[in-house]
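Shown next, in structure tokens, is the structure this report addresses.
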Amino acid sequence: MPYCRNCGTEVQLSQSFCQNCGRPLGTQAAGDSPTSAQPAEAPTVARTSELATIISAERIVLMTVITYGAYPLYWFYLTWKHYRDHTRREAYPVCHALTLLVPIYGLFRTHAHIRSYKELALNAGVPTSLSPGWVVAGVAASFVLDWVSGLLVIFPQETGVVVAAVFLSVLSLAIVALVVVSVQSNLNAYWKSMKNITVASVRTGVGEIILGVLGVVAWLGTILAIIGLT
Numbered sequence: 000m001p002y003c004r005n006c007g008t009e010v011q012l013s014q015s016f017c018q019n020c021g022r023p024l025g026t027q028a029a030g031d032s033p034t035s036a037q038p039a040e041a042p043t044v045a046r047t048s049e050l051a052t053i054i055s056a057e058r059i060v061l062m063t064v065i066t067y068g069a070y071p072l073y074w075f076y077l078t079w080k081h082y083r084d085h086t087r088r089e090a091y092p093v094c095h096a097l098t099l100l101v102p103i104y105g106l107f108r109t110h111a112h113i114r115s116y117k118e119l120a121l122n123a124g125v126p127t128s129l130s131p132g133w134v135v136a137g138v139a140a141s142f143v144l145d146w147v148s149g150l151l152v153i154f155p156q157e158t159g160v161v162v163a164a165v166f167l168s169v170l171s172l173a174i175v176a177l178v179v180v181s182v183q184s185n186l187n188a189y190w191k192s193m194k195n196i197t198v199a200s201v202r203t204g205v206g207e208i209i210l211g212v213l214g215v216v217a218w219l220g221t222i223l224a225i226i227g228l229t
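The letter at position 104 of the sequence shown is residue 103 when you use numbering that gives the first Met the number 0, and the numbering goes up by one with no holes.
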């Protein structure tokens, strides 16, 4: 039975990551015994004792509303950064997040995002309900609603048209928030499953604050537009 070379924990041949320390198990990552699995020298990368990767459902919903629906873009960046730091694989979180702004292609990247995390959970033996197809469907529905809402504002600024546009935007916001909450609950379960690792909530980032400010401005503009037509 192989063992993790970083911490000496017994692992399965099918595992890609050690369930105990969270380190990736490469082709040379496992020894034949706990003793042989331990490195003669300290590992070049220090073992992570705390992971700030937990995001609550309340935070997702609140930030999605405050940012006028832009928070999922930041979440896409953040969770891909977590994936890169955890797996040590080559990944570009910023570019990955920006692909969401590209029609059609963004859906393929969304599928890859969810599929990658689903593979992590399955390889670690963590139950998961992640479904790349359903997530892509939810994101696509949100995109369509935003597109229709954008078309409506082209028409004469009548109260009914503006209200309809706002309603579609809010519906889109609700769908994408529900999708992100569902996905993040699976991600939280994966991070919490790792032994000897303390997980903590994600700290508030500068990008999150900037999106929050822009979102408040957008909400004020929307409210003033509705008031101006009444």
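Heads up, the beta-carbon is just placed ideally off N, CA and C, and yes, glycines get one too. If you're wondering where the values come from, they're calculated on a predicted model, not measured in any experiment.
Output the boundary residues of the beta strand (DSSP E) element that contains residue i.
i, result
"residue 197", "197 to 200"
Quick check: the Cα distance between residue i and residue j, rounded to an integer number of angstroms?
i, j, result
"residue 132", "residue 70", "21 Å"
"residue 190", "residue 199", "10 Å"
"residue 101", "residue 55", "28 Å"
"residue 157", "residue 164", "11 Å"
"residue 88", "residue 82", "8 Å"
"residue 218", "residue 117", "35 Å"
"residue 3", "residue 194", "13 Å"
"residue 39", "residue 8", "Note that residue 39 scores a pLDDT of 41, beneath 50, so its modelled location is shaky and nothing firm can be said."
"residue 1", "residue 180", "36 Å"
"residue 135", "residue 223", "34 Å"
"residue 169", "residue 109", "21 Å"
"residue 185", "residue 124", "13 Å"
"residue 10", "residue 138", "36 Å"
"residue 129", "residue 227", "44 Å"
"residue 174", "residue 53", "21 Å"
"residue 92", "residue 119", "17 Å"
"residue 142", "residue 152", "16 Å"
"residue 104", "residue 24", "31 Å"
"residue 49", "residue 85", "12 Å"
"residue 113", "residue 192", "18 Å"
Can residue i be considered in contact with the ligand PLP, in the sense that its beta carbon sits closer than 7 Å to one or more heavy atoms?
i, result
"residue 82", "Ligands in the displayed structure: none, and consequently the ligand PLP is not present."
Under a Cβ-count criterion, where at least 16 other Cβ atoms within 10 Å of its own Cβ denotes burial, should residue i be classed as buried or exposed?
i, result
"residue 78", "buried"
"residue 209", "exposed"
"residue 215", "exposed"
"residue 73", "buried"
"residue 66", "buried"
"residue 204", "exposed"
"residue 211", "buried"
Tell me, to the nearest whole angstrom, how far the beta carbon of residue i is from that of residue j; I am working on the premise that it is less than 8 Å.
i, j, result
"residue 166", "residue 160", "Wrong, their Cβ atoms sit about 11 Å apart, outside the cutoff."
"residue 96", "residue 202", "In fact, because the Cβ distance is near 18 Å, the residues do not count as touching under 8 Å."
"residue 176", "residue 98", "Between residue 98 and residue 176 the Cβ distance is about 20 Å, and since that is not below 8 Å, they are no contact."
"residue 147", "residue 225", "The pair is not a contact, with the Cβ atoms about 18 Å apart (cut-off 8 Å)."
"residue 68", "residue 172", "4 Å"
Output the boundary residues of the alpha helix (DSSP H) element that contains residue i.
i, result
"residue 89", "Careful: residue 89 lies outside any alpha helix (DSSP H) and carries neither H nor E."
"residue 111", "104 to 122"
Where are the beta strand (DSSP E) runs, 3 residues long or more, that stay fully inside the stretch 51 to 86, in chain order? none
Which runs of the beta strand (DSSP E) spanning at least 3 residues fall entirely within the stretch 125 to 207, listed in chain order? 197 to 200
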